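Read through the structure below, which is laid out as structure tokens, and then see the notes.
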Amino acid sequence: MCYRKVLRREIDLPISDIEMHEAICKGLPFSVFIRISTTTDMQHKELATCLAISTRTLNKRKQSGTFTQNESDRLYRFTEILAVTAD
């Protein structure tokens, strides 16, 4: 199995591309950010910087529990880069 599927399972993202697209459109839950941070062993601030999300915005997303569609797309793209570099 390719690392892409393993990583998606590990951070609780949909495996299928169609379901992934739907999840991004709805906005990924904040828990995905936490799982990516844990999986990559990155501090929240460091990961937020990589995703071009300010600390203030990150705190707002933590409160609301969901990222915007654009932020969700960045989270998704970050996981895709991780998967490619790990394969």
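Residue 19 in the UniProt record's numbering sits at position 19 of the sequence shown, and the numbers go up by one each step. Here a beta-carbon is modelled for each residue, glycine too, at the ideal position from N, C-alpha and C. Note that this is a predicted model, so its numbers are computed, not measured.
- Residue 53 is classed as buried because its beta carbon has at least 16 other beta carbons within 10 Å across all chains shown.
- In this structure, DSSP gives residue 39 a helical state, which the three-state scheme calls helix.
- The alpha-carbon of residue 10 is positioned some 12 Å away from that of residue 31.
- Remark: C-beta atoms of residue 51 and residue 40 do not approach each other more closely than 8 Å.
- In the three-state scheme derived from DSSP, where H, G and I count as helix and E and B as strand, residue 85 is classed as helix.
- The closest CA to that of residue 36, considering only 20, 13, 68 and 69, is found on 13.
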